[in-house]
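Using this note's numbering, the first residue of the sequence shown is number 617, and each one after it goes up by one.
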Amino acid sequence: MDDRAALRGIVYVLRKGVSWADVSAERIGRSGVTAWRRLRDWTEAGVRPRLHEVLPADLRKAGLLEMDDAADDGSQVRAFKGGLTPGLRRSTGPVREASTT
């Protein structure tokens, strides 16, 4: 997969809010899962932080990115080591006496 097709897939997922599996190969040239793998590889190689610096700056210079109305939404981001697993919550109420029956 060429880098442009991967970037097209990543941007499509971010803009549309769809899952990687829902990106059709016809739309970006490869499957969404393949684009995800490229994003993973870029992250492991340390490319992603540089992409976050360069890409928005280049798009702003070209007049293709307006950040005044942008919002960061983390509702789809997994919280690693955060929160309790449902069903395993501790009680905040007083401790009951032991049952005698």
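Ideal Cβ positions, reconstructed from N, Cα and C, are used throughout, including at glycine.
Under the rule that 16 or more other beta-carbon atoms within 10 Å means buried, what is Arg646, buried or exposed?
-> buried
Within the segment 637–693, ranges of the beta strand (DSSP E) (whole runs, at least 3 residues) | none
Do the CB positions of Val634 and Gly625 come within less than 8 Å of each other?
-> no
Helix, strand or coil at Asp619 according to DSSP, with G and I counted as helix = helix
Work out the CA separation of Arg712 and Ile644 for me, nearest whole Å.
-> 59 Å
From the DSSP output, in three-state form, read off Val629 for me.
-> Here Val629 sits in helix by DSSP.
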